[in-house]
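A.B. asks:
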Amino acid sequence: MIRITLILLIILCGSPSFAQIYKWVDEHGGVHYADDVTSIPEKYQRNMIKVDGVDLGQGRGSNESPPRNREDNHKDRLGRGEDYWRGRVAESKNRMKSLQEKAENLRLKYNEMTTRFNESRSSVERSGLRNERDQIKQEMDKNRAEIEEVKNTIEKKIPEEAEFYKAKPEWTK
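Read left to right, the sequence shown gives residues 19 to 191 (our numbering).
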């Protein structure tokens, strides 16, 4: 009797489950799991994978054809593809561009304040202009540091992270 109970218990515990689990990664690199494809936001359905590793290819509602070869299916360790990595680089480059524009505007403003300071004859006005110019200078220094940080992110941090997660190096160019 114990043997029969043990055998039945082994059979019941070992029976396959028919529920499917899907894995998807958001734009911040967060890994999520769902047991219902419809619960995955549509923008992530293209890159979702079955937990057992079978690539689902294109999400529902997509008119694109699925990738033709294994090379097109390449994902990093977290299941993120080329779009994720190129998006990270593009986002950083856009941030760099806006910081450089801000740096140029601050430089022009600083030069204008210097001209006004040099043309001023009033010591009170010169004092106020000096304070404004010093504030602009501090903002310029802060902006310069941010530019260096973003430059480091583009040139070193993202490529190193991509290498760590086994993404293709050309995705970060």
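C-beta: ideal position from N, C-alpha, C; glycine also.
1) If we ignore side chains and look at the alpha-carbon of each, how far apart do T190 and K160 end up?
2) Relative to the alpha-carbon of E122, which residue among P187, L147, R144 and E157 has its alpha-carbon at the smallest distance?
3) Terminal residues of the continuous beta strand (DSSP E) containing W103?
4) When DSSP labels each residue in this structure, what does E178 get in the three-state scheme?
5) According to DSSP, which residues form a beta bridge with W189?
6) So, with DSSP's three-state summary, where would you put Y183?
7) Does R67 come out as helix, strand or coil in the three-state DSSP assignment?
8) Taking the beta carbon of G99 as the centre, do at least 16 other beta carbons fall within 10 Å, making it buried, or is it exposed?
9) Along the chain, where does the beta strand (DSSP E) that runs through K169 open and close?
10) Return helix, strand or coil for K93, following the three-state DSSP convention.
11) Report yes or no: do the segment 109-119 and the segment 164-174 share at least 3 C-beta pairs separated by less than 8 Å?
12) Under a Cβ-count criterion, where at least 16 other Cβ atoms within 10 Å of its own Cβ denotes burial, should M19 be classed as buried or exposed?
13) For I154, which of R125, R144, T56 and R64 has the nearest alpha-carbon?
14) Assuming V49 is part of the beta strand (DSSP E), what are its boundary residues?
15) Please report the straight-line C-alpha distance between V17 and R95, rounded to a whole angstrom.
16) Tell me which residue opens and which closes the beta strand (DSSP E) that V43 is part of.
C.D. replies: Taking the geometry as given:
1) As the crow flies, the alpha-carbon of T190 is around 27 Å from that of K160.
2) Relative to E122, the option among P187, L147, R144 and E157 whose CA is nearest is E157.
3) In the DSSP annotation of this structure, W103 is not part of any beta strand (DSSP E); the continuous alpha helix (DSSP H) holding it starts and ends at E100 to E137.
4) In the structure shown, E178 falls within a helical segment according to DSSP collapsed to helix, strand and coil.
5) The partner list for W189 (beta bridge, DSSP) is empty, contrary to what the question assumes.
6) Assigned with DSSP and collapsed to three states, Y183 falls in coil, not helix or strand.
7) Going by the sequence as given, residue 67 is Ile instead of Arg. DSSP places I67 in strand when its eight states are reduced to three.
8) G99 should be labelled buried.
9) For K169, no beta strand (DSSP E) encloses it; the enclosing alpha helix (DSSP H) starts and ends at S141 to N170.
10) The answer is coil: DSSP assigns K93 none of H, G, I, E or B.
11) Counting Cβ pairs under 8 Å, three or more are found: they touch.
12) Label assigned to M19: exposed.
13) If we check each option's Cα against that of I154, R125 comes out closest.
14) Where V49 is concerned, the enclosing beta strand (DSSP E) stretches over V49 to A52.
15) In the structure as shown, the chain begins at 19 and stops at 191. Residue 17 is therefore absent and cannot be evaluated.
16) Under the DSSP assignment, V43 falls in the beta strand (DSSP E) whose first and last residues are Y40 to V43.
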